[in-house]
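In UniProt numbering, the protein residues as written are 1 to 287.
In what follows, a structure is listed as structure tokens, so that the remarks can point back to it.
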């Protein structure tokens, strides 16, 4: 029973991502009176990437930046979690397409979409719109997405009211004018699953940095403040041998970072499995 449960746990978790990948975030000091505070000197930057690459057992390290933007395609609009990454690392981190191709290093305005992103698009001028991003097709949901993310012409914008009816547009900061929309091209749709990949869109990291710079300029963000912030929101670390994930994760924590992996959940599930076996064994002994 225990072996069967462990195998079932692992198969379920594989749908959520790779058991060989560790998620790295900046560390925070907990201050009871003031909430949380960033640990001084611990940043997610290029130096952090180089340090993580030197840890024995690490196969690849992928830093990323995130943004939440709107994509317009004809009458359809969708708010998308956009992640900037190094295209050359996609294969190492098990990105696989069901349609089209992955990003290449020469891509500038190309996007690869998660399999469920298309179900987040709607026609804001239609009164009968439903958004199905959480689960995609289901008993009462359309089998096909409302648009073709590879062949349809698209615009990417920071204006989160773009395409809305005038009456639906929220009041905005009068000092803020969004940067002009940028033409983008969908080049691939990732395979299914329930991981972050299924619900996100991926673009060249250099392009996302350009977009963020344009947005910060439009919002008059102080450059000195930007320099104090982390260069990356997240760094993914792939370990070559699953047996080394726990030890590599501890090494990363020792450097002062937060580190999490699906292997943490495996350990928790195994502990639950052992407790269930003990309970069932006790019931069997009594009977």
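Yeah, the Cβ is synthetic: ideal placement off N, Cα and C, and Gly gets one too.
Item, Value
"Does the segment 68-80 touch the segment 150-166, meaning 3 or more C-beta pairs lie closer than 8 Å?", "yes"
"Assign residue 162 to buried or exposed, taking buried as 16 or more other Cβ atoms, counted over all protein chains shown, within 10 Å of its Cβ.", "buried"
"Extract the residue ranges of the beta strand (DSSP E) inside the segment 175-219, only unbroken runs of 3 or more that lie entirely within it.", "182-190 and 200-204"
"Note the first and the last residue of the continuous alpha helix (DSSP H) segment covering residue 46.", "46-53"
"Using the beta-carbon count (16 or more within 10 Å), is residue 224 buried or exposed?", "exposed"
"Would you kindly check if the distance between the Cβ of residue 207 and the Cβ of residue 65 is under 8 Å?", "no"
"Mind pulling the beta strand (DSSP E) runs of 3 or more residues that sit fully within the segment 85-118?", "97-100 and 110-113"
"So, residue 94 versus residue 18, is the Cβ gap smaller than 8 Å?", "yes"
"To the nearest angstrom, how far is the alpha carbon of residue 102 from that of residue 240?", "22 Å"
"Tell me the residue span of the beta strand (DSSP E) that contains residue 22.", "21-25"
"Less than 8 Å between the beta carbons of residue 24 and residue 237, yes or no?", "yes"
"Apply the 10 Å Cβ neighbour rule to residue 197 and answer buried if 16 or more other Cβ atoms are within range, or exposed otherwise.", "buried"
"On a Cα-Cα basis, can you pick out the residue from 118, 58 and 110 that is closest to residue 204?", "110"
"In three-state terms, what does DSSP make of residue 228?", "helix"
"On the criterion of 16 or more Cβ atoms from any shown chain inside 10 Å, does residue 202 qualify as buried, or is it exposed?", "buried"
"Nearest to residue 146 by CA position, among 122, 165 and 153, is which residue?", "122"
"What first and last residue would you give for the beta strand (DSSP E) that runs through residue 221?", "Careful: residue 221 lies outside any beta strand (DSSP E) and carries neither H nor E."
"On the CB-based measure, 16 or more other CB atoms within 10 Å of its CB, does residue 176 come out buried or exposed?", "exposed"
"Do residue 46 and residue 217 have their beta-carbon atoms positioned less than 8 Å apart in this structure?", "no"
"Assign residue 152 to one of three DSSP states: helix, strand, or coil.", "coil"
"Between the Cα of residue 195 and the Cα atoms of 96, 58, 61 and 63, which residue gives the shortest distance?", "96"
"Should residue 193 and residue 149 be called a contact, given that it needs their Cβ atoms to be closer than 8 Å?", "no"
"Quick one: using the 10 Å Cβ neighbour count with 16 as the cut-off for buried, is residue 127 buried or exposed?", "exposed"
"Spell out a yes or no on whether the segment 48-57 and the segment 251-263 are touching, meaning 3 or more CB-CB pairs, one atom from each, closer than 8 Å.", "yes"
"Tell me which residues share the same chain as residue 235 and place their Cβ nearer than 6 Å to its Cβ, disregarding the 5 neighbours each side in the sequence.", "24, 44 and 63"
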